[in-house]
Structures are given as structure tokens and as C-alpha cells.
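Peer 1:
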Amino acid sequence: MKCPECSLNHKRSVGMVCSCGYSFVFCPKSSDAVTDGKFLALINKISGNGTYYFTPLQFHLQYCTKKYKEMKTQQNTGIGCFLFIAVVVFFASHNLTFALIPLGIAFLMAWAKKFDKPVSLKTSLGLLDKWKSNGREIDKLLEKPRLQNPPSECQEPDIYDYGVERILLVEHPILVDLFVLNNFHCHERVLILCQDGYPDYLGTQAEKSLEENPDLPVYLLHDASEEGERMNKNLETSSLPIQTHPIVDLGFFAKDIAQIKGLEFINRQYANKIPVAMLPYPILSKMLSNALNKEPGTIASSSTEPDINIGGIALAYTCLNLFDDYGSEGDDESDFG
Ligand SMILES: [Zn+2]
Numbered sequence: 111m112k113c114p115e116c117s118l119n120h121k122r123s124v125g126m127v128c129s130c131g132y133s134f135v136f137c138p139k140s141s142d143a144v145t146d147g148k149f150l151a152l153i154n155k156i157s158g159n160g161t162y163y164f165t166p167l168q169f170h171l172q173y174c175t176k177k178y179k180e181m182k183t184q185q186n187t188g189i190g191c192f193l194f195i196a197v198v199v200f201f202a203s204h205n206l207t208f209a210l211i212p213l214g215i216a217f218l219m220a221w222a223k224k225f226d227k228p229v230s231l232k233t234s235l236g237l238l239d240k241w242k243s244n245g246r247e248i249d250k251l252l253e254k255p256r257l258q259n260p261p262s263e264c265q266e267p268d269i270y271d272y273g274v275e276r277i278l279l280v281e282h283p284i285l286v287d288l289f290v291l292n293n294f295h296c297h298e299r300v301l302i303l304c305q306d307g308y309p310d311y312l313g314t315q316a317e318k319s320l321e322e323n324p325d326l327p328v329y330l331l332h333d334a335s336e337e338g339e340r341m342n343k344n345l346e347t348s349s350l351p352i353q354t355h356p357i358v359d360l361g362f363f364a365k366d367i368a369q370i371k372g373l374e375f376i377n378r379q380y381a382n383k384i385p386v387a388m389l390p391y392p393i394l395s396k397m398l399s400n401a402l403n404k405e406p407g408t409i410a411s412s413s414t415e416p417d418i419n420i421g422g423i424a425l426a427y428t429c430l431n432l433f434d435d436y437g438s439e440g441d442d443e444s445d446f447g
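Start counting the sequence shown at 111; every next residue gets the next number (my numbering).
#1: Going straight from the alpha carbon of Q379 to that of E339, what length do you get?
#2: Using only CA atoms, which one of K396, K404 and H170 lies nearest to L231?
#3: In whole angstroms, what is the alpha-carbon distance linking G190 and I393?
#4: Which two residues bound the contiguous alpha helix (DSSP H) that contains I284?
#5: Any heavy atom of ligand 1 closer than 7 Å to the CB of S133?
#6: Would you please state the rounded distance, in angstroms, between the beta carbons of P327 and P356? I believe it to be under 8 Å.
#7: For S413 and V358, what's the separation of their Cα atoms in angstroms?
#8: Count the other CB atoms, across all protein chains shown, that sit within 10 Å of the CB of Y163; report buried if there are 16 or more and exposed otherwise.
#9: How is the beta strand (DSSP E) around V358 delimited, first residue to last?
#10: Cutting at 6 Å between CB atoms, please list the residues of its own chain near P138, excluding the five before and the five after it.
#11: Compute every distance between the C-beta of L118 and the non-hydrogen atoms of ligand 3, then say whether any falls below 7 Å.
#12: Would you check if there are 3 or more beta carbon pairs closer than 8 Å linking the segment 329-339 to the segment 276-286?
#13: Along the chain, where does the alpha helix (DSSP H) containing L402 start, and where does it finish?
#14: Would you mind stating whether R246 and V135 have Cβ atoms separated by less than 8 Å?
#15: Along the chain, where does the alpha helix (DSSP H) containing C296 start, and where does it finish?
#16: Confirm, please, whether the CB-CB distance from A364 to K383 is below 8 Å.
#17: Let me know the beta strand (DSSP E) ranges lying completely inside the segment 319-380, each 3 residues or longer, listed in chain order.
#18: Closer than 8 Å by C-beta to M126: which residues in its own chain qualify, once you throw out the five before and the five after it? Chain order, please.
#19: Can we count C137 as close to ligand 1, meaning its CB is less than 7 Å from some heavy atom?
#20: Using beta-carbon positions only, say whether P261 and L291 come within less than 8 Å of one another.
#21: Measure the C-alpha to C-alpha separation of N377 and E115 and round it to an integer number of angstroms.
#22: Considering Cα atoms alone, identify which of K250, G273 and F208 is closest to D287.
#23: Excluding the five sequence neighbours on either side, which residues of its own chain have a C-beta within less than 6 Å of the C-beta of I283, listed in chain order?
#24: Tell me which same chain residues have a C-beta within less than 7 Å of the C-beta of L312, skipping the five on either side of it?
#25: Just mark N342 as buried or exposed, buried being the case when its beta carbon has 16 or more other beta carbons within 10 Å.
#26: Cβ of E253 within 7 Å of any heavy atom in ligand 1?
#27: Is C130 near ligand 1 - that is, is its Cβ less than 7 Å away from at least one heavy atom of it?
Written as C-alpha cells, this is what we have:
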């Protein structure tokens, strides 16, 4: 195990405390299946080296991606070895029957890939809990909504004093925190509110903006779940005066999510019903920013309902291939043992 403090290679057999005094939390030989260094590398990756807030689900996806890549590499190496052995056996013995044995094993391994199971959410959350229960902090982790009062570090009054250009209604309170604490609302001049009215301090402001500007567009962002896909319908009875405003649904839909390349392994676990709060923040914010800055009519449609403009943010996501780029960059876990 490589010590994150002094970079020394520490032998597990001499205990869980490094000679520099660092106390290890994870033991890679146990059910943890991760080292402190790899865990910290995951946290650095998902928080942009501590520059933005992230959700437990984003950590989960990052951990699953890492594990999936490791497993794929091992399988491909195994298949390559068996194919090589099959060729060597065939040329050495000119006996096809012997050569068929390793060839059969290689095909079996390739076939078994179809049944790869991703890491469970419980496992990922267990790692976060274990880290915290050992007295370690994770600065930018958003576990539950905390915006009962306005955030102090943001210049919020500016955008509300001069007027917002749009309203974004999200399905879950944690998404308000994710975007607001990462200052997305200031960059995009958007008032972000949960469909249930959270946070209270923005409800009155939203009503005021909607009443003052009858053309103010309202964007929706929801999970690709059955409940999420009903968000627009559910808002028909909303106390917010949005009914006469242009509404653009930028939410996820399972049929769109199914097309996203690079998410197949997690799609199997979630049956394509992926939560918004699972996508890495750089991807989510870029995708949302692109969608918000397009004219509503030009956003790819993924619905046949005539009276709603469906944003199809997931389709935009597919086209941009952002996930592939994000997944391949900065794989610095190898720095740790
Ligand atoms: Zn050390």
C-alpha cells in the first residue's frame, strides 16, 4: 500500500500505520478492495481536485467506471493469453483438438463478459462511510441539501437584482445544491429551484420573476425514472405560476440514456433509469449549459407529445461523447498503490 502522506510503499503485514504516522483506512486485501491512495484519487477526480462539489452518486459512477475498466483489462489480458496459447499449441503439436481447449476458454471468457455486474451503490456508499467514520473529511461531498439559507460565498443578489434569464426546476433538492454551490446559476443567470419549492428563500424570488416576465422560459431537469419522466405532468398543479410560460423539458428519458456510449455497464444496473445526480459535474454542467443557451425549438426532440418542447439533454450528451473524453483523462489512480 502506497502511503498518501509520504509515498512510501507500506507492507500490510507490519500493520495499518505507516512509519510517518499515517493511519490507513482501507485494506486492499479485505472486502474494501481499494487503497487509501486509490480512494483519494477517485475523490480528486470527481471533485476536480477539490474545486467543485459532488454527490455520492457521482462518486459511485466514478468508482464503478474504475472497477469496470480494471475488470475489462484483466479479461482482455486473459483472453489474449489463451488465444496465444492456442496458436502455440496448434503449431507445436499440429493437433487441433488440444488447441481447441484454450480457444474454448477464451470464448467462454468473452461470453461471460455479458454478465459482468457493476459495483453496487451500497459498496460505494460504504467506502465513503468508512472514510468518514475514521475521522477523515470529504470537503466537497454533498450528502444532503443544506441551502436552507443562501450560500454566503456566492454573489447571488447580483443575478436576482438584475433579473434572471430563465428558471430551472429540478426534481430533487440535492440538484439545487449541486448547481448553486458550484455557482452554475451565476454563470448561466438562471434561478434554480426544486419542484417541491426548496429552497424557501428562492420561492418568492421565482414567483416575482415569473410574474414580471411572462416570456421567462422554465426548464425542467429530472431523472430517467418513471416518476422523473412525469415531472412535467406533475407540475400542472404547481403553486408556481409557470403554466403560461414556455416550458422546456431537459430531463433524462430512459430511451435516450440507453443510447449513451460508455454507460452500458451502469445502464444494466439501473435499467437505463439513471439519476441526473449521477453524471460527473463537468459533463452535466456543460451539457446543461449547451441546452440552456439554445433556442428551445432547436433542441433535439425526444417526445411526440405535441404541447411540450422536450429538450432531449441525454441526446445532446450522446452526441458530444463527453463521457468518453472525461473517462479517459487524468487517470491518476496509478500514482497510488
Ligand atoms: Zn507514510
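Every residue gets a Cβ at the ideal spot worked out from N, C-alpha and C, and that includes glycine.
In this text, all values refer to a predicted model and were calculated from it rather than measured experimentally.
Peer 2: Checking against the coordinates, here is how it stands:
#1: Here residue 379 refers to the residue found at position 269 of the sequence shown. Here residue 339 refers to the residue found at position 229 of the sequence shown. Roughly 19 Å separates the two Cα atoms.
#2: The residue labelled residue 231 in the question sits at position 121 within the sequence shown. It is H170.
#3: Indexing the sequence shown from 1 puts residue 190 at position 80. Indexing the sequence shown from 1 puts residue 393 at position 283. Distance between the alpha carbons of G190 and I393: 34 Å.
#4: As a working note, residue 284 is residue 174 in the sequence shown. Where I284 is concerned, the enclosing alpha helix (DSSP H) stretches over P283 to L291.
#5: To locate residue 133, count along the sequence shown from 1; it is residue 23. For ligand 1, not one heavy atom lies less than 7 Å from the Cβ of S133.
#6: Sequence index remark: in the sequence shown, residue 327 carries index 217 (1-based). Sequence index remark: in the sequence shown, residue 356 carries index 246 (1-based). With 8 Å as the limit, P327 and P356 qualify as a contact, their Cβ atoms being about 5 Å apart.
#7: Position 303 of the sequence shown, counted from the start, is the residue given in the question as residue 413. Position 248 of the sequence shown, counted from the start, is the residue given in the question as residue 358. Model confidence at S413 stands at a pLDDT of 43, short of 50, so the residue's coordinates are unreliable; what they give is reported in the following sentence. Computed Cα separation, rounded: 12 Å.
#8: Translated into positions along the sequence shown, residue 163 becomes position 53. Flag for Y163 reads buried.
#9: Within the sequence shown, residue 358 is the residue found at index 248, counting from 1. Here the beta strand (DSSP E) through V358 covers I357 to D359.
#10: Numbered from its first residue, the sequence shown carries residue 138 at position 28. T145, listed in sequence order.
#11: Ligand 3 is absent from the structure shown, which contains only ligand 1.
#12: Short answer: they touch.
#13: On the sequence shown, position 292 is the one that residue 402 refers to. Its alpha helix (DSSP H) spans residues Y391 to L402.
#14: Translated into positions along the sequence shown, residue 246 becomes position 136. Translated into positions along the sequence shown, residue 135 becomes position 25. Result yes, Cβ atoms of R246 and V135 sit closer than 8 Å.
#15: Reading the sequence shown from its first residue, position 186 is the one you call residue 296. Boundaries of the alpha helix (DSSP H) around C296: F294 to E298.
#16: Within the sequence shown, residue 383 is the residue found at index 273, counting from 1. Within the sequence shown, residue 364 is the residue found at index 254, counting from 1. Closer than 8 Å, so yes.
#17: 328-331 and 357-359
#18: Walking along the sequence shown from the start, residue 126 turns up at place 16. Once the five neighbours on either side are set aside, the close Cβ partners of M126 are S133, F134 and C137.
#19: The residue labelled residue 137 in the question sits at position 27 within the sequence shown. No, since every heavy atom of ligand 1 falls outside the 7 Å radius drawn around the Cβ of C137.
#20: Here residue 261 corresponds to residue number 151 of the sequence shown, with the count starting at 1. Here residue 291 corresponds to residue number 181 of the sequence shown, with the count starting at 1. Contact: yes.
#21: Indexing the sequence shown from 1 puts residue 377 at position 267. Indexing the sequence shown from 1 puts residue 115 at position 5. Near 37 Å, if we compare the C-alpha coordinates of E115 and N377.
#22: Along the sequence shown, one-based indexing puts residue 287 at 177. Considering only alpha carbons, the answer is K250.
#23: In the sequence shown, counting from the first residue as 1, residue 283 sits at position 173. Looking at the sequence shown, residue 283 is not Ile but Pro. Taken in chain order, the residues that qualify are P255, C304 and Y308.
#24: In the sequence shown, the residue the question calls residue 312 occupies position 202. Excluding sequence neighbours, L312 sits near L301 and L303.
#25: On the sequence shown, residue 342 is found 232 positions in, with the first residue counted as 1. It counts as buried.
#26: Residue 253 sits at position 143 when you count from the first residue of the sequence shown. Result no, Cβ not under 7 Å from ligand 1.
#27: Position 20 of the sequence shown holds residue 130. For ligand 1, at least one heavy atom lies less than 7 Å from the Cβ of C130.
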